[in-house]
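>
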Ligand code: ADP
Ligand code: MG
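Numbering (our numbering), first residue to last: 89 to 489.
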């Protein structure tokens, strides 16, 4: 699950990470009031930031033609106007795809004078099997670009999860970022805070881009997280009720929401052959074998080990709502699952949806004879597959024809 920048900053703040003071607003009027408070408390510059689950907002363009999803403002009126131009509009960035994202909220925050933009992230390095803290002096730009062109500008420190983030690791990163004196000790505290946020939220990634050196009180430099992005491990969400409450369904694909309502594990892909499979491993293998025979899967769909007729029917509905689908492959290995339950679900769903697309079914395992009979006696045109490869070959052929 992903969360918004303003929510990520709330989590970071709880671990002592400094962020610019700000408020999230859903109307231009609320943005005006928030701006009045910020200017009133002594800010000379205020930023209005579109809240969507995608980066690249600063350089994004609204479908209305308005440029930039992050705008600096010098007056309350300016904030009101800019918020009005963002809210209710669709923002297209490098990360949203051409369809863009509807902006429903903006963050109105103080904009301190930035002296330097740095990059900082904590993520899991699967190769070493440990968390890694990544930092760079090249902040504010695409880290992929830095990694490709000047990889020497990225410093990585692997953390032993049993020991946690160590002070010497903080100093090492701070030194690599060119931070000295007061900034080095601030960096130590901030890095520890960011690492702790990652661990304690069960995050898959925490990214701060940019992490800024700004002019603090009395002109003293200060380290502040100016942008923040946090991705969370869905499998650990049950441990964090307050993070679950941060879920924004408006940011998730509607079909994926519908699927989670029926406890189906569905991920939409770009191809045209829909798959309905029980078990994640089998679902992966099914996608591979479709590719192997020259086809392209339209989705990953795992109905789980003990799917009901209703779930199968819901799964068909979801599959068929994708206009790119040209054929369906059902690949079920009945262990716990009764093949006849699946067969009944398929027949019911095919009738209900007046299915006209080629449907290939491969059933194996528990009560498979009954299941096959149910399909055969249904009067529906169902192509049966004898094995996984036979079924995959048949569906690819049917879709090509
Ligand atoms: P994105 O990564 O989605 O483009 P950012 O939050 O990184 O969004 O904003 C883009 C740029 O806008 C930042 O690199 C920074 O230069 C500027 N900016 C963002 N927030 C602030 C802020 N609170 N104060 C000053 N400048 C800001
Ligand atoms: Mg950014």
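In this text, a Cβ means the ideal position worked out from N, Cα and C, and glycines have one as well.
With 16 as the cutoff for other CB atoms within 10 Å, does residue 142 come out buried or exposed?
Under this definition residue 142 is a buried residue.
> Checking the sheet assignment: what are the DSSP bridge partners for residue 222?
Answer is 209, 244.
> Extract the residue ranges of the alpha helix (DSSP H) inside the region 120-153, only unbroken runs of 4 or more that lie entirely within it.
As far as the region 120-153 is concerned, it has no whole alpha helix (DSSP H) run of at least 4 residues.
> Please check the pair residue 229 and residue 126, which I expect to be a contact at CB under 8 Å, by giving their CB distance rounded to whole angstroms.
The Cβ separation is near 27 Å, so there is no contact.
> Using a 10 Å radius around the Cβ and a threshold of 16 neighbouring Cβ atoms, would you call residue 473 buried or exposed?
Label assigned to residue 473: buried.
> Which residue marks the beginning of the beta strand (DSSP E) containing residue 297, and which one marks its end?
Element bounds for residue 297: 291-303.
> For residue 486 and residue 393, what's the separation of their Cα atoms in angstroms?
Cα to Cα, residue 486 sits roughly 28 Å from residue 393.
> Could you check what DSSP says for residue 269 in three-state terms: helix, strand or coil?
Here residue 269 sits in helix by DSSP.
> Which two residues bound the contiguous beta strand (DSSP E) that contains residue 197?
Unbroken beta strand (DSSP E) run through residue 197: 194-198.
> Anyone know if the C-beta pair for residue 435 and residue 462 falls short of 8 Å?
Going by C-beta atoms, residue 435 is nearer than 8 Å to residue 462.
> Evaluate contact between the region 422-436 and the region 389-403, counting only Cβ atoms and requiring at least three cross-stretch pairs below 8 Å.
Yes: the two stretches touch, three or more of their Cβ pairs being nearer than 8 Å.
> Quick one, which of 265, 113, 312, 307 has its alpha-carbon nearest residue 278's?
The candidate whose alpha carbon is nearest that of residue 278 is 312.
> List the endpoints of the continuous alpha helix (DSSP H) containing residue 483.
Residue 483 -> alpha helix (DSSP H) spans 476-488.
> Determine which residues share a DSSP beta bridge with residue 354 and list them.
Residue 354 is bridged to 389.
> Span of the alpha helix (DSSP H) holding residue 400?
Element bounds for residue 400: 397-408.
> To the nearest angstrom, how far is it from the Cα of residue 295 to the Cα of residue 209?
Roughly 4 Å between the two C-alpha positions.
> According to DSSP, is residue 171 part of a helix, a strand, or is it coil?
Three-state DSSP puts residue 171 in a helix.
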